[in-house]
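**Q** Starting off with a structure, shown below.
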Amino acid sequence: DYFLGMTYLKAGNTESAENHFTLHLTQHSGAQIRTRLLLAVTRAMNGNVDGAEKILNEILVNEPNNTSALNLKSELLLKKGKGKESAEIVQSLIEQGDDSAALYMRLGLSQLVAGESQGAQSALNKARSLNANAYQATTLLIFQAIQLKDYAGALGLAEEFIKQAPNLALPY
């Protein structure tokens, strides 16, 4: 059932994947973290964010530093509009040593959702410093500058963005 679940997941049939992961867990008692994480992912993909979060919370009771579960939980919290809670988890992952541009990107987005614009700006700039191709971070910084009525800053970032990625710039 696990392998069928993986096959369905790779084929994009998340409902069947969820069913097979659930069946696998029912038939094989014990702590199968990988299968439980995959079940959480498929539940989230199927729109059952609360069900996915419940599984992640169960995993985190036994393994509070499980980075996969923490990463997924921070994404789910962000989708639910809980930026502050998401940012707290992401900050803990950074403190554990994950220094990736993607994580700083999520921290910045989480902080934007939480209304923490200075923290967001710092995190998004860190994402850009870690990965010159972090175009989403630059885009968010542009929108943030516009929101703060810093039009000169937004224009400067937009010009920088166009120079770095002329093929990504929209013609308007």
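Sequential numbering of the sequence shown, starting at 469, is according to this note's numbering.
Don't be surprised by glycine CBs; every beta carbon is placed ideally from N, CA and C.
Can you say whether PHE611 is buried or exposed, counting buried as having 16 or more other CB atoms within 10 angstroms of its CB?
**A** The Cβ neighbour count for PHE611, taken over all protein chains shown within 10 Å, is under 16; the residue is labelled exposed.
**Q** Using the Cα positions of ALA588 and ALA613, report the straight-line distance between them to the nearest angstrom.
**A** For ALA588 and ALA613, the distance between alpha carbons rounds to 11 Å.
**Q** Is the region 521-537 in contact with the region 473-493, if contact means three or more CB pairs nearer than 8 Å?
**A** no
**Q** Could you tell me the boundaries of the alpha helix (DSSP H) in which LYS478 lies?
**A** 470-479
**Q** Quick check: the Cα distance between VAL509 and ASN534, rounded to an integer number of angstroms?
**A** Cα to Cα, VAL509 sits roughly 15 Å from ASN534.
**Q** Under 9 Å, do PRO605 and ALA569 count as touching if we go by C-beta distance?
**A** The sequence given here has Ala at residue 605, not Pro. Yes, Cβ-Cβ distance for ALA605 and ALA569 is below 9 Å.
**Q** The alpha helix (DSSP H) spanning LEU524 covers which residue range?
**A** 517-530
**Q** From what residue to what residue does the alpha helix (DSSP H) around ASN593 run?
**A** 585-598
**Q** Would you say ASN539 and LEU577 are within 9 Å of each other, going by their C-beta atoms?
**A** no
**Q** Could you check which residue in GLY565, TYR603 and ASP618 has the C-alpha nearest to that of PHE629?
**A** TYR603
**Q** Restricting to Cα atoms, I'd like to know which of GLU543, PRO532 and ALA555 is closest to ALA520.
**A** GLU543
**Q** Ordered along the chain, which non-local residues of its own chain (more than five positions away) have a Cβ less than 7 Å from that of LEU507?
**A** GLU486, PHE489, THR490, LEU493 and ILE523
**Q** Spatial neighbours of LEU609 within its chain, please: CB distance less than 6 Å, with the 5 preceding and 5 following residues excluded, ordered by chain position.
**A** LEU592 and LEU625
**Q** Among MET573, SER585, ALA620 and LEU505, which has the Cα closest to the Cα of ASN601?
**A** MET573
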